[in-house]
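K.L.:
In my numbering, the protein residues as written are 114 to 492.
What follows is the structure, given as structure tokens:
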């Protein structure tokens with residue numbers, strides 16, 4: 114997530130709420146992407162430090178826990194930049210130019226064009242299996258997947274690969290090794306995708322083989338190259354798309370957002386100033402208050418709210434009061450949790466520093482293999 118300022122309810126429902134659940138089921142790395150911010154806005158540098166702290170505070174307030182996930186700042190893990198450079202050697206220029214995020218020529222810089230490549234490095238550096246994204250980011254995950262595949266094909270071959278893979282099978286043990294061979298044959302001879310997925314899951318469970326052997330066996334399933342960089346998949350959650358105060362998507366720049374740090378008085382003032390269209394009284398579809406209330410309601414409550422909206426004949430004060438109460442009730446525990454961090458910025462900095470060290474530990478392992486594959490292991 115780029116550090117561009119305080120986060121709002123759209124971020125909470127669209128991203129953070131999902132993260133607080135994922136952190137208890139997966140090994141999660143959450144990155145404050147300050148390098149990405151520089152590629153989009155060259156003037157952001159003067160306020161970047163405050164923006165990074167704002168994002169970290171809002172993550173912690175939302176319930177992203179440093180004991181359950183790794184939180185860090187992108188630039189504090191220099192391996193991101195190194196892998197970005199090394200991946201660029203395998204990335205065709207037209208792959209970047211065809212992506213929907215590619216800016217017009219008059220706004221094009223090297224950093225902006227390479228934005229998706231740096232995103233791919235962010236993902237592949239941790240050999241991520243799943244990447245939680247919204248629908249608008251699917252193309253970028255697909256790009257990272259294609260890039261990993263190309264890198265593996267170009268650089269994953271090693272001398273005596275087949276012999277090393279066969280030796281790794283023996284390390285699985287007699288029973289597990291035989292099962293691996295059957296699943297590999299079922300996929301390669303019959304195209305059985307279920308067998309491929311079962312074999313991958315089997316390898317992930319093994320604790321008696323090295324990471325290098327596991328990568329060889331992943332590659333041996335499908336061909337003759339070691340999987341240096343696993344191909345990531347998109348994880349699309351059931352998230353809520355929250356409209357802004359003007360009915361458009363909630364956005365910091367559009368001045369239509371309710372921020373996670375907004376006080377009850379500020380929330381009330383923002384909701385009260387939502388304009389009601391005079392000639393649309395009782396028309397729920399065009400009412401911005403109803404759109405926000407519906408976003409918070411389930412199917413049954415949504416129908417009740419809509420019926421009340423139509424029957425009210427345009428009297429929105431009751432509806433606004435209920436919406437204010439709902440939003441303030443949601444924000445109260447977040448703000449209480451965030452208060453201890455806002456009062457102790459040194460604690461937040463320590464959390465980010467510890468997270469960067471944990472992230473670097475993972476990142477270094479990946480780069481050792483990448484450097485070796487590229488012939489950069491001179492020592």
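Glycine included, each C-beta is placed from N, C-alpha and C at the ideal position.
Since this is a predicted model, take the numbers as computed values, not measurements.
1. Going by DSSP in three states, residue 432 sits in which element: helix, strand or coil?
2. For residue 131, which residues of its own chain have a beta-carbon under 8 angstroms away from its beta-carbon, when the five flanking residues on both sides are left out?
3. For residue 213, which option in 462, 355, 254, 401 has the closest C-alpha, if you only look at C-alpha atoms?
4. Taking all protein chains shown into account, do 16 or more other C-beta atoms lie within 10 angstroms of the C-beta of residue 218, making it buried, or fewer, making it exposed?
5. Is it a yes or a no for the segment 196-216 touching the segment 306-314, going by three-plus beta-carbon pairs under 8 angstroms?
6. Spatial neighbours of residue 341 within its chain, please: C-beta separation below 6 angstroms, excluding the five flanking residues on both sides.
7. Evaluate residue 326 with the Cβ neighbour count: other Cβ atoms within 10 Å of its Cβ, from every protein chain shown; 16 or more gives buried, anything less gives exposed.
8. Unbroken alpha helix (DSSP H) runs of length 4 or more, entirely within the segment 139-182: which are they?
9. With a cut-off of 8 angstroms, does the C-beta of residue 312 fall near any C-beta of chain B?
10. Please state the DSSP three-state secondary structure of residue 210.
11. Less than 8 angstroms separating the beta-carbons of residue 372 and residue 121?
12. If we count the other Cβ atoms within 10 Å of its Cβ and call it buried at 16 or more, is residue 441 buried or exposed?
13. Give every residue of the same chain whose Cβ lies closer than 8 angstroms to the Cβ of residue 447, excluding the five residues on either side of it in the sequence, and list them in chain order.
14. Can you give me the Cβ contacts of residue 249 inside the same chain, cut-off strictly under 8 angstroms, excluding the 5 residues immediately before and after it?
15. Which residues does DSSP list as the beta-bridge partners of residue 347?
16. Could you please give the first and the last residue of the uninterrupted alpha helix (DSSP H) stretch that includes residue 306?
P.N.:
Looking at the atomic coordinates:
1. The answer is helix: DSSP assigns residue 432 an H, G or I state.
2. Answer for residue 131: 245, 350, 352, listed in chain order.
3. Of the listed residues, the one whose Cα sits closest to residue 213 is 254.
4. Classification for residue 218: exposed.
5. Contact between the segment 196-216 and the segment 306-314 is absent: fewer than 3 CB-CB pairs across the two stretches fall below 8 angstroms.
6. A distance below 6 angstroms between beta-carbons, with the five flanking residues on each side excluded, links residue 341 to the following residues of its chain, in chain order: 265, 269, 482, 486.
7. The residue is buried, with at least 16 neighbouring Cβ atoms inside 10 Å.
8. Scanning the segment 139-182 for uninterrupted alpha helix (DSSP H) segments of 4 residues or longer gives 147-153, 161-175, listed from N- to C-terminal end.
9. Annotation note: the requested chain B is absent from the structure, which comprises a single protein chain.
10. In the structure shown, residue 210 sits in a helix (DSSP, three-state: H, G or I).
11. Yes, the pair counts as a contact, with Cβ atoms nearer than the cut-off.
12. By the C-beta density criterion, residue 441 is buried, having at least 16 other C-beta atoms within 10 angstroms.
13. Closer than 8 angstroms at Cβ, skipping near neighbours: 125, 174, 175, 176, 373.
14. Short of 8 angstroms from the beta carbon of residue 249, and not among the five residues preceding or following it, lies no beta carbon of its own chain.
15. Note: residue 347 sits in a beta bridge opposite 244.
16. Element bounds for residue 306: 306-318.
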